[in-house]
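Contents: one structure, followed by commentary.
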Amino acid sequence: MIAIIGPSCQSRRPPEAGRPGRGRPGTAAATFGPVDTESETSGMRAGVERLSAKPVVFLHTLPRWVLLAAVFGLLVIGMWGNGWVGAAGLLVLLLFLAWFAYLNWPVLDTSGRVLRVVGMGLLAAFAVGHVVGGF
(Lines of atoms letter the chains of each structure in order from A and count residues from 1; the text may use other names and numbers.)
(Lines give C-alpha, C1' and ligand atoms only; values in the text may rest on other atoms or scores of the structure.)
Protein backbone atom coordinates (compact mmCIF):
# COMPACT_ATOMS: atom_id res chain seq x y z
CA MET A 1 0.00 0.00 0.00
CA ILE A 2 1.21 3.48 -0.83
CA ALA A 3 -0.26 6.91 -0.38
CA ILE A 4 -1.48 8.69 -3.49
CA ILE A 5 -3.34 11.86 -4.21
CA GLY A 6 -7.09 11.57 -4.48
CA PRO A 7 -10.23 13.71 -4.02
CA SER A 8 -12.22 14.60 -0.92
CA CYS A 9 -10.05 15.21 2.09
CA GLN A 10 -9.88 18.10 4.50
CA SER A 11 -6.57 19.94 4.57
CA ARG A 12 -5.17 21.23 7.86
CA ARG A 13 -3.95 24.36 6.12
CA PRO A 14 -6.31 27.13 4.98
CA PRO A 15 -7.23 27.05 1.28
CA GLU A 16 -4.93 28.90 -1.08
CA ALA A 17 -6.39 30.88 -3.92
CA GLY A 18 -5.31 29.85 -7.39
CA ARG A 19 -4.04 26.40 -6.43
CA PRO A 20 -6.01 23.52 -7.95
CA GLY A 21 -8.27 21.81 -5.46
CA ARG A 22 -7.75 24.46 -2.80
CA GLY A 23 -10.12 27.33 -2.33
CA ARG A 24 -11.87 27.09 -5.67
CA PRO A 25 -15.59 26.45 -5.63
CA GLY A 26 -16.56 23.12 -7.10
CA THR A 27 -13.18 21.44 -6.65
CA ALA A 28 -12.25 18.92 -4.00
CA ALA A 29 -9.16 19.26 -1.85
CA ALA A 30 -6.43 16.67 -2.38
CA THR A 31 -6.11 13.77 -0.01
CA PHE A 32 -3.58 11.10 0.68
CA GLY A 33 -4.93 7.68 1.34
CA PRO A 34 -3.86 4.07 1.17
CA VAL A 35 -4.42 2.40 -2.16
CA ASP A 36 -3.52 -1.16 -3.05
CA THR A 37 -1.37 -0.95 -6.17
CA GLU A 38 0.32 -4.34 -6.03
CA SER A 39 -1.77 -5.58 -8.96
CA GLU A 40 -0.79 -2.55 -11.06
CA THR A 41 2.94 -2.33 -10.38
CA SER A 42 5.59 -4.75 -9.35
CA GLY A 43 9.33 -5.03 -9.00
CA MET A 44 11.47 -1.95 -9.18
CA ARG A 45 8.62 0.46 -9.99
CA ALA A 46 6.67 -0.60 -6.89
CA GLY A 47 9.77 -0.09 -4.76
CA VAL A 48 10.45 3.37 -6.20
CA GLU A 49 6.81 4.36 -5.74
CA ARG A 50 6.83 3.12 -2.15
CA LEU A 51 10.07 4.99 -1.33
CA SER A 52 8.81 8.12 -3.10
CA ALA A 53 5.49 8.32 -1.27
CA LYS A 54 6.70 10.27 1.77
CA PRO A 55 8.87 12.76 -0.18
CA VAL A 56 6.01 13.41 -2.62
CA VAL A 57 3.59 14.02 0.25
CA PHE A 58 6.13 16.39 1.85
CA LEU A 59 6.61 18.30 -1.42
CA HIS A 60 2.84 18.54 -1.81
CA THR A 61 2.50 20.16 1.62
CA LEU A 62 5.03 22.89 0.80
CA PRO A 63 3.78 26.20 -0.54
CA ARG A 64 3.99 26.35 -4.32
CA TRP A 65 6.46 29.28 -4.25
CA VAL A 66 9.04 27.20 -2.35
CA LEU A 67 9.29 24.62 -5.14
CA LEU A 68 9.29 27.32 -7.79
CA ALA A 69 12.10 29.18 -5.99
CA ALA A 70 14.13 25.96 -5.62
CA VAL A 71 13.81 25.10 -9.32
CA PHE A 72 14.60 28.68 -10.33
CA GLY A 73 17.60 28.76 -7.97
CA LEU A 74 19.01 25.52 -9.38
CA LEU A 75 18.50 26.81 -12.90
CA VAL A 76 20.27 30.09 -12.11
CA ILE A 77 23.18 28.22 -10.48
CA GLY A 78 23.34 25.95 -13.51
CA MET A 79 23.33 28.75 -16.06
CA TRP A 80 25.61 31.22 -14.26
CA GLY A 81 27.89 28.79 -12.50
CA ASN A 82 31.18 27.84 -14.09
CA GLY A 83 32.49 24.32 -14.57
CA TRP A 84 31.41 21.80 -11.98
CA VAL A 85 29.31 24.28 -10.00
CA GLY A 86 27.03 24.98 -12.96
CA ALA A 87 26.96 21.31 -13.92
CA ALA A 88 26.01 20.33 -10.35
CA GLY A 89 23.04 22.72 -10.31
CA LEU A 90 21.78 21.38 -13.64
CA LEU A 91 22.34 17.75 -12.65
CA VAL A 92 20.34 18.16 -9.42
CA LEU A 93 17.55 19.69 -11.47
CA LEU A 94 17.87 16.82 -13.96
CA LEU A 95 17.58 14.26 -11.14
CA PHE A 96 14.34 15.83 -9.89
CA LEU A 97 12.92 15.96 -13.40
CA ALA A 98 13.90 12.33 -14.04
CA TRP A 99 12.37 11.23 -10.71
CA PHE A 100 9.05 12.93 -11.44
CA ALA A 101 9.09 11.68 -15.04
CA TYR A 102 9.64 8.11 -13.83
CA LEU A 103 6.77 8.35 -11.35
CA ASN A 104 4.39 9.84 -13.93
CA TRP A 105 5.50 7.83 -16.98
CA PRO A 106 2.64 5.26 -16.98
CA VAL A 107 -0.05 7.95 -17.13
CA LEU A 108 1.67 10.31 -19.60
CA ASP A 109 0.61 10.57 -23.20
CA THR A 110 3.17 10.64 -26.03
CA SER A 111 3.60 14.42 -26.01
CA GLY A 112 4.19 14.45 -22.25
CA ARG A 113 6.83 11.75 -22.56
CA VAL A 114 8.56 13.51 -25.45
CA LEU A 115 8.58 16.82 -23.56
CA ARG A 116 10.19 15.23 -20.50
CA VAL A 117 12.80 13.36 -22.52
CA VAL A 118 13.71 16.52 -24.46
CA GLY A 119 13.92 18.54 -21.24
CA MET A 120 16.17 15.97 -19.60
CA GLY A 121 18.32 15.79 -22.73
CA LEU A 122 18.77 19.58 -22.79
CA LEU A 123 19.68 19.71 -19.09
CA ALA A 124 22.19 16.88 -19.58
CA ALA A 125 23.70 18.60 -22.64
CA PHE A 126 24.12 21.89 -20.78
CA ALA A 127 25.65 20.09 -17.78
CA VAL A 128 28.17 18.30 -20.03
CA GLY A 129 28.85 21.63 -21.75
CA HIS A 130 29.74 23.19 -18.41
CA VAL A 131 32.13 20.39 -17.56
CA VAL A 132 33.96 20.40 -20.89
CA GLY A 133 34.01 24.19 -21.07
CA GLY A 134 31.58 24.67 -23.93
CA PHE A 135 29.30 27.06 -22.04
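The numbering used here numbers the first residue of the sequence shown as 1151 and each following residue consecutively.
Note that beta-carbon positions come from the ideal geometry of N, C-alpha and C, so glycine has one too.
Cα-Cα separation, residue i to residue j
{"i": "residue 1199", "j": "residue 1254", "result": "10 Å"}
{"i": "residue 1242", "j": "residue 1233", "result": "15 Å"}
{"i": "residue 1173", "j": "residue 1208", "result": "Because the pLDDT at residue 1173 is just 44, under 50, the model does not fix this residue reliably, and the point stays unresolved."}
{"i": "residue 1213", "j": "residue 1222", "result": "15 Å"}
{"i": "residue 1247", "j": "residue 1275", "result": "14 Å"}
{"i": "residue 1211", "j": "residue 1277", "result": "30 Å"}
{"i": "residue 1281", "j": "residue 1205", "result": "30 Å"}
{"i": "residue 1279", "j": "residue 1230", "result": "13 Å"}
{"i": "residue 1225", "j": "residue 1193", "result": "33 Å"}
Contacts around residue i, its chain only, beta-carbon distance under 7 Å, and the 5 residues preceding and following it disregarded
{"i": "residue 1164", "result": "Any reading at residue 1164 is ruled out, since the residue's pLDDT is 49, under 50, leaving its predicted position unreliable."}
{"i": "residue 1268", "result": "none"}
Reference residue i; option with closest CA among the options
{"i": "residue 1196", "options": "1256, 1269, 1230", "result": "1256"}
{"i": "residue 1201", "options": "1281, 1249, 1280", "result": "1249"}
Spatial neighbours of residue i in its chain, beta-carbon cut-off 6 Å, leaving aside the 5 residues before and after
{"i": "residue 1266", "result": "1251"}
{"i": "residue 1283", "result": "none"}
{"i": "residue 1228", "result": "1236, 1239, 1240"}
Close beta carbons around residue i, own chain, < 8 Å, minus the five adjacent residues each side
{"i": "residue 1244", "result": "1270, 1273, 1274, 1277"}
Could I get the ranges of all uninterrupted alpha helix (DSSP H) runs contained in the region 1204-1276, with 4 residues as the minimum, in chain order? 1214-1230, 1233-1254
Does the structure place the region 1261-1268 close enough to the region 1202-1221 that three or more beta carbon pairs sit under 8 Å? no
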